[in-house]
Each structure stands twice: as structure tokens, then as C-alpha cells.
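Participant:
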Amino acid sequence: VFRIAEAILASRPDSVLVASGGSGIDAAKAAIVLADLEGDLEDYFGVGKVTEKMSKTKKTLTPCLALQTASGSSAHLTKYSNITDFQISQKKLIIDPAIVPPKCLFDYCLTQTMSPDFTCDGAFDGLAHCLEVYYGASRESLDKIEEVALTGIELILVWLETAVIDPVNLEAREALGLATDLGGYAIMMSGTNGAHLTSFSLVDILSHGRACALLNPYYTVFFAPAIQHQLHRLAELFTKYGLISSESSSLEGRELGVAVAKGLITLSKKVDFPAS
Numbered sequence: 015v016f017r018i019a020e021a022i023l024a025s026r027p028d029s030v031l032v033a034s035g036g037s038g039i040d041a042a043k044a045a046i047v048l049a050d051l052e053g054d055l056e057d058y059f060g061v062g063k064v065t066e067k068m069s070k071t072k073k074t075l076t077p078c079l080a081l082q083t084a085s086g087s088s089a090h091l092t093k094y095s096n097i098t099d100f101q102i103s104q105k106k107l108i109i110d111p112a113i114v115p116p117k118c119l120f121d122y123c124l125t126q127t128m129s130p131d132f133t134c135d136g137a138f139d140g141l142a143h144c145l146e147v148y149y150g151a152s153r154e155s156l157d158k159i160e161e162v163a164l165t166g167i168e169l170i171l172v173w174l175e176t177a178v179i180d181p182v183n184l185e186a187r188e189a190l191g192l193a194t195d196l197g198g199y200a201i202m203m204s205g206t207n208g209a210h211l212t213s214f215s216l217v218d219i220l221s222h223g224r225a226c227a228l229l230n231p232y233y234t235v236f237f238a239p240a241i242q243h244q245l246h247r248l249a250e251l252f253t254k255y256g257l258i259s260s261e262s263s264s265l266e267g268r269e270l271g272v273a274v275a276k277g278l279i280t281l282s283k284k285v286d287f288p289a290s
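The sequence shown begins at 15 in this note's numbering and counts up one residue at a time.
Next comes the structure, spelled out in C-alpha cells:
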């Protein structure tokens with residue numbers, strides 16, 4: 015981040031073009047903020063801090079033009095910049111609509127060179143975005159979020175295994191790209207919760223997608239009493255694709271949460287992703 019910020023200060027470009035996966039795009043977003051608004055990076059972690067500083071100083075941000083190369087975080091679409099502080103092994107977030115790239119491009123064929131592990135990491139991050147936003151949806155936002163979240167989740171259920179087995183399968187790559195982009199759309203409508211929050215403290219142990227994949231089954235059970243509608247819809251979807259038994263849809267309460275959690279674990283095992 016600091017290196018990119020120094021390059022921006024040295025050249026004062028009209029725009030910044032970043033071609034990268036999510037981490038590189040996040041770094042560019044943060045670097046632009048640091049270069050244009052000055053101060054300490056810590057000043058901007060949190061919600062709305064960038065807009066607040068822009069309002070006070072009357073400064074604007076250099077446009078960030080994002081070329082996405084990996085299906086995962088959807089950083090090219092979102093108001094988030096996820097930065098890791100390696101000194102304390104902790105991820106921190108800048109959350110502000112001011113840092114959404116005004117222009118972006120994602121040609122899904124670029125993801126054909128993603129390794130199986132990277133493919134799974136990205137897919138489970140996108141799945142977590144859809145899942146966690148869906149779990150936290152309010153009554154007023156549920157219908158809109160449900161359509162986005164379930165579509166993204168279903169695309170991952172259908173196509174992840176194919177993309178792992180046959181990395182150059184363009185139909186599978188397009189499906190995962192669309193799915194993770196829907197995950198990005200979901201987190202623009204609302205926030206993530208338990209698994210993402212916990213994963214931020216595991217950066218020195220696990221990749222982000224793995225952390226979310228491991229944690230979400232447990233949070234599914236923990237939240238179960240409050241998200242029965244969502245779990246019933248997910249149970250229907252998981253039954254459709256053979257992740258859980260057809261009897262699971264008739265369960266209620268914690269038992270329903272356990273059934274859906276087992277479906278998530280089964281999905282991880284199908285692609286040789288860690289499940290414990």
C-alpha cells in the first residue's frame with residue numbers, strides 16, 4: 015500500500031489502473047486514499063472515514079480503474095478495502111462508497127489459470143458473502159437479498175467442482191465469476207457477520223476463503239433459531255444438489271441448522287477443501 019501510494023504521489027496520474035485479484039485492487043484503493051487525502055492509514059479504517067475527510071478537506075480521489083483477474087472478493091465492485099496489518103496479524107477494513115472503482119472490467123476467461131486451491135478460496139469467499147448477508151437480512155431487505163444470495167450460492171454448488179477438475183472450462187469459470195460478483199453485490203446491500211469477523215484474526219494461519227469455509231457451518235448452527243426461513247430455503251437448495259438428505263427440509267430449530275451446516279461441510283469435502 016505504501017509503495018503504491020508513493021508511486022501515485024511521484025507521478026500524480028489522472029487515474030490509477032490496477033490489474034489484479036482482490037488483494038491488489040484493495041491495496042490500490044487504500045493507496046489512492048493515502049496519497050490523495052494524506053494522514054495515516056489507520057485514520058481511514060472503519061465506516062465512512064474517507065468521505066468524512068473528503069468533505070472536510072474538499073479533496074477528491076484519483077479514479078481507480080479496476081481490471082479484475084480472479085473470482086473471489088469482487089473488490090472491483092465494492093466499497094471495501096481489506097488491508098492486512100502484518101505486525102499484529104490482523105485484517106482491517108476501509109468501508110466507504112467513495113472508494114468504489116468508477117470503472118471496472120472482469121473478463122472471466124482470465125480465471126482459467128487459477129489453481130484449484132485458489133479457485134476454492136475465491137469460491138468460498140463468494141459463498142460466504144452471499145450466505146452471511148442472507149443470514150443477516152432484515153425483513154424489509156430479505157426478498158431482494160434472497161434472490162441475489164441464492165442465485166450466487168446455487169452457481170457455486172453447480173459449477174465449483176467442475177472448475178476444480180477442469181480449470182479451463184469456460185462455462186464453469188463464467189458461472190463462478192458471476193457467483194462471486196453476486197457476492198460482491200450482496201455485500202454492497204448489507205454486511206457480512208460471524209465467519210468474516212472471526213477470519214480477520216486468522217490471517218497468519220489460514221487463507222481467507224478457507225477460514226470462512228471452516229467457520230460458516232458453526233455460525234449456521236449458532237444463528238439457526240433466528241434464521242429459520244433462510245435455512246429452509248438453503249436446505250431445499252442443498253437437497254436439490256445432493257448435499258443433504260431430502261428429510262432435512264422438514265427439520266426445525268437447531269437441527270435444521272445442523273443439517274445445513276453438514277451440507278456446507280459436504281461441499282468442502284467434494285472439492286478436497288479442509289472441513290475441520
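Glycine included, each C-beta is placed from N, C-alpha and C at the ideal position.
1) Report, in whole angstroms, the separation of the C-beta atoms of residue 258 and residue 273, which I expect to be a contact under 8 Å.
2) For residue 36 and residue 84, which I take to be in contact (beta-carbon distance under 8 Å), what is that distance rounded to the nearest angstrom?
3) In the structure shown, what three-state DSSP assignment does residue 126 receive?
4) Could you work out which residue in 206, 50, 105 and 240 is closest to residue 268 when comparing CA atoms only?
5) Does the structure place the stretch 122 to 134 close enough to the stretch 149 to 156 that three or more beta carbon pairs sit under 8 Å?
6) Determine, using beta carbons only, whether residue 47 and residue 75 come nearer to each other than 8 Å.
7) Ignoring anything shorter than 3 residues or poking outside the stretch 42 to 129, list the beta strand (DSSP E) runs there in chain order.
8) I'd like to check one pair, residue 112 with residue 159: are the Cβ atoms closer than 8 Å?
9) So, for residue 243: in the same chain, excluding its five sequence neighbours on each side, which residues have a beta-carbon less than 8 Å away from its beta-carbon?
10) Could you give the first and the last residue of the continuous beta strand (DSSP E) run that contains residue 25?
11) Kindly provide the ranges of any alpha helix (DSSP H) runs that are 4 or more residues long and lie completely inside the stretch 172 to 229, ordered along the chain.
12) Apart from the five residues on each side of it in sequence, which residues of its chain come closer than 7 Å, Cβ to Cβ, to residue 15?
13) Taking only three categories from DSSP, how would you classify residue 289?
14) Using only the alpha-carbon positions, how far apart do residue 51 and residue 26 sit?
15) Nearest-angstrom Cα distance between residue 114 and residue 228?
Facilitator: From the atom records:
1) That pair is a contact at about 5 Å.
2) Contact annotation, residue 36 with residue 84: C-beta distance approximately 7 Å; criterion of less than 8 Å satisfied.
3) Shown here, residue 126 sits in a helix according to DSSP, grouped into three states.
4) It is 240.
5) Segments in contact, no.
6) Yes, they are a contact pair.
7) Here the runs fully enclosed are 78 to 82, 94 to 99, 104 to 109 and 117 to 120.
8) At the C-beta level, residue 159 and residue 112 stay beyond 8 Å of one another.
9) 156.
10) For residue 25, no beta strand (DSSP E) segment is defined; the enclosing uninterrupted segment is the alpha helix (DSSP H) at 16 to 25.
11) Correct list: 184 to 203 and 208 to 213.
12) The answer, listed in chain order, is 41, 44, 45, 48, 55 and 97.
13) Shown here, residue 289 sits in coil according to DSSP, grouped into three states, outside any helix or strand.
14) The straight-line gap from Cα to Cα measures roughly 13 Å.
15) C-alpha separation (whole angstroms): 29 Å.
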